[in-house]
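**Student:** Residue numbers (my numbering): 1343 to 1402.
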């Protein structure tokens, strides 16, 4: 299952790959999302490794 596939029908996909999380954060930040919006967006559609997400948000 691809980490970038959006949830369909209320089913969430795991987003736990470091590279995928960093790319997701980078993409959303480059499109004007602030750190809080990025977190809310990813958590809404994915089961996210929160430690990696916070790490990516801190470094971006």
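Virtual Cβ for every residue (Gly too), placed ideally from N, Cα, C.
Hey, residue 1377 and residue 1399: beta-carbon distance below 9 Å or not?
**Tutor:** Their beta carbons are under 9 Å apart, which means residue 1377 touches residue 1399 by this criterion.
**Student:** Determine whether the beta carbon atoms of residue 1394 and residue 1360 lie at a separation below 9 Å.
**Tutor:** Yes, the pair counts as a contact, with Cβ atoms nearer than the cut-off.
**Student:** Take residue 1354 as the anchor and find which of 1384, 1370, 1388 has the nearest alpha-carbon.
**Tutor:** The shortest C-alpha separation from residue 1354 is found at 1388.
**Student:** Tell me which residues share the same chain as residue 1401 and place their Cβ nearer than 6 Å to its Cβ, disregarding the 5 neighbours each side in the sequence.
**Tutor:** Excluding residues within five positions, none has a Cβ falling inside 6 Å.
**Student:** Measure the CB-CB distance between residue 1366 and residue 1380 and report whether it falls below 9 Å.
**Tutor:** Their beta carbons are under 9 Å apart, which means residue 1366 touches residue 1380 by this criterion.
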